[in-house]
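> I'd like to ask you about the structure that follows.
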């Protein structure tokens, strides 16, 4: 029984990351009916921003506290800012001019942006993986055979916080209402006085902010980041969005956790080498 509880904990940990990234996919698809295949690279850029931020603090001796809360918060915020800046530029240059083009055109543009961002970071990082500074204690909380790392608790809590914040934003704010209106019928929303262009940019901003923050926390969890790290989590998050019904915010959350738990069970039953197969099987 304890082994299955451990699998559930591990699945919820990584599933939270997939769920938050999937929210970006589902928001953009809901508004534009387009899959942003560069979203995984936005996640990757957030992870690298977190690394360079925390590494800078470490060099100046600012990571001496047991859990440097302020430093972690700064890293997450900077990861979000960089991700948002990239998303705004990407929407303006790569997607907006193709909004009325055949549906294949923005897809190709998204893949091009993905390749560009990956190669930029490949150059910046000198084609080397970067090891995150240690910001959480190595000790873990143990209950018999069940063990939980502090970073896991932080990751799960932050994922739930982001999901709750997004739900309230979509349901309770004027900008969220505009997003729902544009997703329902773009032309009618425009006739009602909603600024469609601004709403689309807002959608990209929200999705990118979530991806950037997820990248930082994911980097703390896996400890090593690379320029190609966005591809697999991006595909898995896309799978989570599809599982939950792409365009549905609650569905993306559920899909992320389902995928994470499925991976944890697969790892236990068949070995870690098969865990990435789960997403592709579910996607098919």
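Numbering (our numbering), first residue to last: 144 to 427. Backbone N, C-alpha and C define an ideal beta-carbon position, used for all residues, glycine too.
Restricting to runs no shorter than 4 residues, where is the alpha helix (DSSP H) found entirely within the stretch 212-291?
Whole alpha helix (DSSP H) segments, 4+ residues: 212-233, 247-267.
> Could you tell me whether any Cβ in chain B is nearer than 9 Å to the Cβ of residue 304?
This model lacks chain B altogether; it includes just one protein chain.
> Taking DSSP's pairing of strands, which residues face residue 367 in a bridge?
DSSP output for residue 367 lists 274 as bridge partner(s).
> Taking the alpha carbon of residue 394 as the point to measure from, which residue in 149, 157, 161 has its own alpha carbon closest?
Ranking the options by Cα distance to residue 394, first place goes to 161.
> Measure the beta-carbon distance from residue 363 to residue 424 and round it to whole angstroms, keeping in mind my assumption that it falls under 8 Å.
About 29 Å separates the two Cβ atoms, so there is no contact after all.
> Helix, strand or coil: how does DSSP classify residue 176 here?
Coil at residue 176, not helix or strand.
> Would residue 183 and residue 359 be called neighbours here (beta carbons separated by less than 9 Å)?
No. Outside cutoff.
> I need the DSSP call for residue 182, collapsed to helix, strand or coil.
It is helical.
> Whose C-alpha, out of 251, 290, 332, 167, is nearest the C-alpha of residue 230?
For residue 230, the nearest C-alpha among the options comes from 167.
> Exposed or buried, residue 412, counting other C-beta atoms within 10 Å across all chains shown (16 or more means buried)?
Flag for residue 412 reads exposed.
> From 243, 217, 252, 220, pick the residue whose C-alpha is nearest to that of residue 233; which is it?
The option with the nearest alpha carbon to residue 233 is 252.
> Please go through the same chain and pick out, in chain order, the residues whose beta-carbon is closer than 7 Å to the beta-carbon of residue 248, but skip the five residues on each side of it.
If we look at residue 248 and ignore the five residues flanking it on each side, its Cβ neighbours are 241.
> Reducing DSSP to helix, strand and coil, say where residue 158 ends up.
Reduced to three states, the DSSP call for residue 158 is helix.
> Rounded to a whole number of angstroms, what is the C-alpha to C-alpha distance between residue 187 and residue 389?
Those two C-alpha atoms are separated by around 22 Å.
> Counting pairs of beta carbons, one from the stretch 149-163 and one from the stretch 394-409, are three or more of them closer than 8 Å?
Cβ pair count under 8 Å is three or more, so yes.
> Quick check on the burial criterion: 16 or more other C-beta atoms within 10 angstroms. Buried or exposed for residue 261?
Label assigned to residue 261: buried.
> Given that a residue counts as buried once 16 or more other Cβ atoms are within 10 Å of its Cβ, and exposed if not, what is residue 216?
Residue 216 is exposed by the Cβ-count criterion.
> According to DSSP, is residue 337 part of a helix, a strand, or is it coil?
DSSP places residue 337 in coil when its eight states are reduced to three.
> Give the DSSP-derived three-state secondary structure of residue 405 in the structure shown.
Three-state DSSP puts residue 405 in a helix.
> Please state whether the Cβ-Cβ distance between residue 225 and residue 189 is less than 9 Å.
Contact flag set, yes.
> Tell me the residue span of the alpha helix (DSSP H) that contains residue 419.
Residue 419 -> alpha helix (DSSP H) spans 418-426.
> Roughly how many angstroms separate the alpha carbons of residue 320 and residue 391, rounded to a whole number?
Those two C-alpha atoms are separated by around 15 Å.
> With a threshold of 7 Å on Cβ separation, who are the neighbours of residue 238 within its own chain once the five nearest residues in sequence on each side are excluded?
Contacts found: 249, 252.
> Secondary structure at residue 414, three-state DSSP: helix, strand or coil?
Note: residue 414 maps to coil in three-state DSSP.
> According to the Cβ coordinates, are residue 214 and residue 191 closer than 9 Å?
Not in contact: residue 214 and residue 191 (Cβ atoms no closer than 9 Å).
> Going by C-alpha distance, which of 150, 421, 170 is nearest residue 306?
Answer by Cα proximity: 170.
> Run through DSSP, which three-state label would residue 330 get?
If DSSP states are grouped into helix, strand and coil, residue 330 belongs with the helices.
> DSSP on residue 389, reduced to helix/strand/coil?
Note: residue 389 maps to coil in three-state DSSP.
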